[in-house]
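Student: The structure is given below, and queries will be raised subsequently.
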Amino acid sequence: MTLELTLVIAALLFVVGLALIILRRNLIFLLLGIELLFNAAMVIALAGGARWHSVTGQVLVVFMMALSGAALALTLALLLRVKQELGGDTVDNLRQLREEVDE
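Throughout, the numbering used here is defined as the position within the sequence shown, counted from one, plus 199.
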């Protein structure tokens with residue numbers, strides 16, 4: 200696989216992730232968009248490591264996977280709690296929760 204093709208794949212992942220973040224109001228799709236952005240960064244790191252014959256891209260991806268997994272677990276736990284408390288999983292529900300704290 201050439202460097203240009205991997206960069207195109209990473210760009211497509213990035214655009215789809217950004218579109219999910221901007222266009223959807225559901226928190227699960229927002230989380231999915233963030234994960235796609237992380238995956239685009241991992242593809243770029245792997246492509247750079249392969250291009251320059253270095254292992255640092257693979258090591259960076261392993262650390263990014265660990266960070267992404269930990270963040271995903273915490274975010275899903277918070278998402279389940281918000282859904283349980285407020286009965287929904289949209290961004291508007293989080294704004295409502297913030298307004299209740301500000302009062």
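Here a beta-carbon is modelled for each residue, glycine too, at the ideal position from N, C-alpha and C.
With 16 as the cutoff for other CB atoms within 10 Å, does residue 221 come out buried or exposed?
Tutor: exposed
Student: Please report the distance separating the alpha-carbon of residue 244 from that of residue 214.
Tutor: Taking the CA atoms as reference points, residue 244 sits about 17 Å from residue 214.
Student: Locate the alpha helix (DSSP H) running through residue 225, then write down its first and last residues.
Tutor: Element bounds for residue 225: n/a, residue is neither H nor E.
Student: Rounding to the nearest angstrom, what Cα-Cα distance links residue 239 and residue 246 in this structure?
Tutor: 11 Å
Student: Where residue 200 and residue 252 are concerned, what is the direct C-alpha to C-alpha distance, given to the nearest angstrom?
Tutor: 14 Å
Student: Could you check what DSSP says for residue 255 in three-state terms: helix, strand or coil?
Tutor: Shown here, residue 255 sits in a helix according to DSSP, grouped into three states.
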